[in-house]
Amino acid sequence: MDKGLLEARNVTDDCSCEHAAITQAERENELTDEQATGIAEIFKALGDPTRVKIIYILLNKELCVHDLGMRIGMEQSAVSHQLRYLRDLHIVKRRKEGKTVYYSLDDEHIEQIFVQTMGHLGHE
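When we follow the working numbering, the leftmost residue of the sequence shown carries the number 38, and every step to the right adds one.
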């Protein structure tokens, strides 16, 4: 066995840190793999500047794909692609009126995440 791995194991076995005594209740409150993946997907969606611009615009009112494209300077097909991605994650929702599809934020949680992030950017 690798000597470094053996030494690391011995350090861990002899550990008396607080983390060495995790209670069952603490274990049950840990993130599941599914929760961690879901959170990572939301942050991944927010990691794209185009999607961030779309969300920012939709903070104030619902818009159709055409109007969103005009606001961010992109083709409708590219905007639709981004909106589909955001819709699949329940970040935005759509409402159809005749042939026109309007998009808005799915719920206030997305707005809260976005506003908190903007506040964090302004924090020194």
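Even for Gly, the Cβ is constructed at its ideal location relative to N, Cα and C.
Quick check on residue i: does DSSP put it in helix, strand or coil?
| i | result |
| --- | --- |
| residue 148 | helix |
| residue 98 | coil |
| residue 63 | helix |
| residue 78 | helix |
| residue 47 | Annotation note: pLDDT 47 at residue 47 (below 50); position unreliable, no value reported. |
| residue 71 | helix |
| residue 85 | coil |
| residue 103 | helix |
Rounded to the nearest angstrom, what separates residue i and residue j at their Cα positions?
| i | j | result |
| --- | --- | --- |
| residue 128 | residue 94 | 13 Å |
| residue 157 | residue 84 | 15 Å |
| residue 149 | residue 159 | 15 Å |
| residue 90 | residue 64 | 38 Å |
| residue 105 | residue 137 | 13 Å |
What residue range is occupied by the uninterrupted beta strand (DSSP E) comprising residue i?
| i | result |
| --- | --- |
| residue 137 | 137-142 |
| residue 134 | 129-134 |
In the DSSP assignment, find the alpha helix (DSSP H) that holds residue i and state where it starts and stops.
| i | result |
| --- | --- |
| residue 112 | Here residue 112 belongs to no alpha helix (DSSP H), and DSSP marks it neither H nor E. |
Use the C-beta contact count for residue i: other C-beta atoms within 10 angstroms, 16 or more gives buried, fewer gives exposed.
| i | result |
| --- | --- |
| residue 119 | buried |
(request) Kindly confirm or deny that the stretch 63-83 and the stretch 102-115 touch, where touching means at least three C-beta pairs closer than 8 Å. (result) Three or more beta-carbon pairs separated by less than 8 Å are not found between the stretch 63-83 and the stretch 102-115, which leaves the two stretches without contact.
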